[in-house]
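Residue numbers (the UniProt record's numbering), protein chains in the order written: chain F, 1 to 54; chain P, 1 to 315.
Notes follow once the structure below has been shown.
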Amino acid sequence: MMANLLEHMGMEKDRVQFSWISSAEATKFATVAREVAQSVEALGPNTKFVKGSD
Amino acid sequence: MESYIEQIRTLAVDLLKSGKVDVVIGYRRGSVPMATVPFMARTPEQAKQLTWDSHCTLNLANYLTNRQEKIGIIAKGCDSRNIVNHIVENKINRDQLHIIGVPCKGMVNPKELQTLLDDEIISCAETGSTLTIASSQAEIKIEREDHLRNNCSLCTHRNPVIYDDLVGEAVEEPVLDDPFKDVNAIEAMDADEKWNYFDDLLDGCIRCYACRNACPLCYCPTCFVDESDPQWVGKGQNDTDIKTFHFLRAFHCAGRCTDCGACEAACPMDIHVRAFTRKLIKDSKELFGWEAGMDISKRPPLDTFAPDDPNDFIK
Ligand code: SF4
Ligand code: SF4
């Protein structure tokens with residue numbers, strides 16, 4: 001619901017992501033981290049909820 | 001209305017006289033037209049000042065938090081649901097309460113009424129469903145139904161969900177075709193439009209915190225915005241800080257907000273703060289089939305775990 005409210009307020013959907021990764025799941029961690037980085041890069045620099053940019 | 005007032009006073013006087021309660025929390029006429037103020041009647045004499053009209057816009061559950069005495073309380077539909085929240089969240093005991101339920105016909109929006117007359121409204125009288133408002137220059141009659149507060153026009157729980165006495169007869173519950181039209185309209189915007197919509201919405205916010213103080217859910221001894229160690233959010237008029245305050249305050253109300261509208265009634269700047277909580281109300285309903293404050297035996301969805309909780313947002 002928090003992610004939904006953020007999106008409702010205009011944060012891009014992919015900018016905030018959630019995952020559940022055990023300390024034993026190194027490959028999952030690496031994959032998810034890469035995916036997150038890629039999707040955030042695609043969105044470009046964030047200006048929302050950043051002080052000084054408003 | 002008149003008969004409601006008589007019944008409320010009679011019940012309150014009896015409760016105080018018999019010693020069943022130490023105090024009755026209700027409304028008293030405000031010092032300006034179209035306003036009531038919360039009132040704690042401690043003697044049968046004081047109970048005669050209790051009133052009821054179309055301006056009982058604050059939520060009396062707000063005054064129950066952690067009280068120790070035996071309390072009689074007047075409750076319209078939304079107040080009763082916040083009383084349920086308070087009981088579920090251990091902020092008051094059911095045994096301490098004698099709830100005088102009042103089936104509600106909706107409260108009016110005084111700011112809207114003011115727009116109907118050029119000069120300041122100096123009196124407002126009610127007979128049945130008709131209100132007579134007057135300025136020093138003019139007088140008009142209007143129907144309550146046509147000028148309800150936004151949350152009252154969307155309300156489907158006008159009757160108290162929990163009570164010991166009921167004043168008058170239960171009223172018919174409205175059925176809405178499209179209860180979340182407002183939320184859907186925002187959802188249809190793109191990200192930047194949404195961002196700008198909330199920017200504009202909060203444009204006049206002076207961070208007086210009246211919305212928070214009027215909200216029965218906001219009972220934390222120290223609100224996150226007031227903490228200084230750590231300081232979670234800046235305290236000035238910075239737009240990002242203002243938005244952070246509203247975003248987080250709303251989120252703290254997720255699954256708990258009853259859309260009572262006390263936050264908006266209290267706001268001196270006429271800010272539509274419910275735009276945040278309405279989204280949470282819609283999601284609670286769609287994701288968890290949940291409406292806040294309907295049952296004292298159920299805990300709110302974000303407070304519990306169920307194996308079938310929606311979790312497709314987790315990768
Ligand atoms: S009551 Fe209105 S002006 Fe005051 S903090 Fe809340 S939204 Fe801002
Ligand atoms: S957030 Fe506003 S509408 Fe929701 S319970 Fe609090 S005061 Fe009522």
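By construction, the Cβ of each residue, glycine as well, lies at the ideal position given by its N, Cα and C atoms.
Where residue i meets chain P, residues with beta-carbon distance less than 8 Å
i	result
residue 17 of chain F	315
Cross-chain neighbours of residue i in chain P, by beta carbon under 9 Å
i	result
residue 49 of chain F	240, 243, 244, 247
residue 55 of chain F	With chain F running from 1 to 54 in the structure shown, residue 55 of chain F is simply not present.
residue 32 of chain F	315
Coarse secondary structure for residue i, derived from DSSP in three states
i	result
residue 395 of chain P	The displayed coordinates of chain P run from 1 to 315. Any statement about residue 395 of chain P would go beyond what the structure contains.
residue 2 of chain F	helix
residue 182 of chain P	helix
residue 306 of chain P	coil
residue 121 of chain P	coil
residue 132 of chain P	strand
residue 165 of chain P	strand
residue 29 of chain P	strand
residue 272 of chain P	coil
residue 60 of chain P	helix
residue 21 of chain F	coil
residue 35 of chain P	coil
residue 13 of chain P	helix
residue 296 of chain P	coil
residue 127 of chain P	strand
residue 24 of chain P	strand
residue 244 of chain P	helix
residue 51 of chain P	strand
residue 316 of chain P	The requested residue 316 of chain P is not part of the displayed model; chain P covers only 1 to 315.
residue 26 of chain F	helix
residue 148 of chain P	strand
residue 41 of chain P	strand
Chain F residues whose Cβ lies nearer than 8 Å to that of residue i
i	result
residue 186 of chain P	8
residue 250 of chain P	5
residue 20 of chain P	Chain F residues near residue 20 of chain P: none, gap ~41 Å exceeds 8 Å.
residue 198 of chain P	9, 10
residue 302 of chain P	1
residue 287 of chain P	1
Among the options, the one whose alpha carbon lies nearest that of residue i
i	options	result
residue 135 of chain P	P/113, P/262, P/179, P/292	P/113
residue 210 of chain P	P/45, P/265, P/79, P/220	P/265
residue 38 of chain P	P/26, P/31, P/46	P/26
residue 215 of chain P	P/66, P/22, P/62	P/62
residue 39 of chain F	F/14, F/8, F/22	F/14
residue 119 of chain P	P/125, P/111, P/126	P/111
residue 207 of chain P	P/67, P/184, P/238, P/227	P/238
residue 100 of chain P	P/121, P/75, P/151, P/92	P/75
residue 50 of chain P	P/7, P/137, P/70	P/7
residue 79 of chain P	P/145, P/17, P/163, P/225	P/163
residue 293 of chain P	P/16, P/34, P/89	P/89
residue 46 of chain F	P/46, P/297, P/191, P/126	P/191
residue 9 of chain F	P/28, P/66, P/188	P/188
residue 91 of chain P	P/217, P/202, P/148	P/217
residue 18 of chain P	P/106, P/124, P/250, P/72	P/72
Distance cut-off 7 Å: residue i Cβ against heavy atoms of ligand 1
i	result
residue 274 of chain P	no
residue 210 of chain P	yes
residue 149 of chain P	no
residue 100 of chain P	no
residue 223 of chain P	no
residue 266 of chain P	yes
residue 278 of chain P	no
residue 269 of chain P	yes
residue 220 of chain P	no
residue 253 of chain P	no
residue 205 of chain P	yes
Proximity test, residue i beta-carbon vs ligand 2 heavy atom, cut-off 7 Å
i	result
residue 184 of chain P	no
residue 261 of chain P	yes
residue 217 of chain P	yes
residue 56 of chain P	no
residue 90 of chain P	no
residue 59 of chain P	yes
Residues that residue i contacts on chain P, provided the C-beta gap is smaller than 7 Å
i	result
residue 25 of chain F	Within 7 Å Cβ-Cβ: nothing; residue 25 of chain F doesn't reach chain P, min ~12 Å.
residue 12 of chain F	191
Residues that residue i contacts on chain F, provided the C-beta gap is smaller than 9 Å
i	result
residue 254 of chain P	1, 2, 5
residue 60 of chain P	Neighbours of residue 60 of chain P on chain F: none; closest Cβ ~27 Å, over 9 Å.
residue 52 of chain P	In chain order: nothing, as chain F lies at least about 35 Å away.
residue 170 of chain P	Those do not exist, as residue 170 of chain P stays about 32 Å from chain F at its closest Cβ, beyond 9 Å.
residue 194 of chain P	7, 8, 9, 10, 11
Closer than 7 Å: residue i CB and nearest ligand 4 heavy atom
i	result
residue 15 of chain F	No copy of ligand 4 occurs in the structure displayed; its ligands are ligand 1 and ligand 2 alone.
Chain F contact residues for residue i, given Cβ-Cβ distances below 7 Å
i	result
residue 283 of chain P	1, 4
residue 232 of chain P	The premise fails here: residue 232 of chain P is roughly 13 Å from chain F at the closest Cβ pair, so nothing lies under 7 Å.
residue 280 of chain P	1, 5
Chain B contact for residue i (CB, 8 Å cutoff)
i	result
residue 219 of chain P	The structure shown contains no chain B; its protein chains are F and P.
So within the stretch 55–110 of chain P, which uninterrupted alpha helix (DSSP H) runs reach at least 4 residues, ignoring any that extend past its ends?
Those alpha helix (DSSP H) runs which fall completely within the stretch 55–110 of chain P and span 4+ residues are 77–88.
Which runs of the alpha helix (DSSP H), 4 residues or longer, sit entirely within the stretch 192–216 of chain P?
List check, alpha helix (DSSP H) in window: 210–214.
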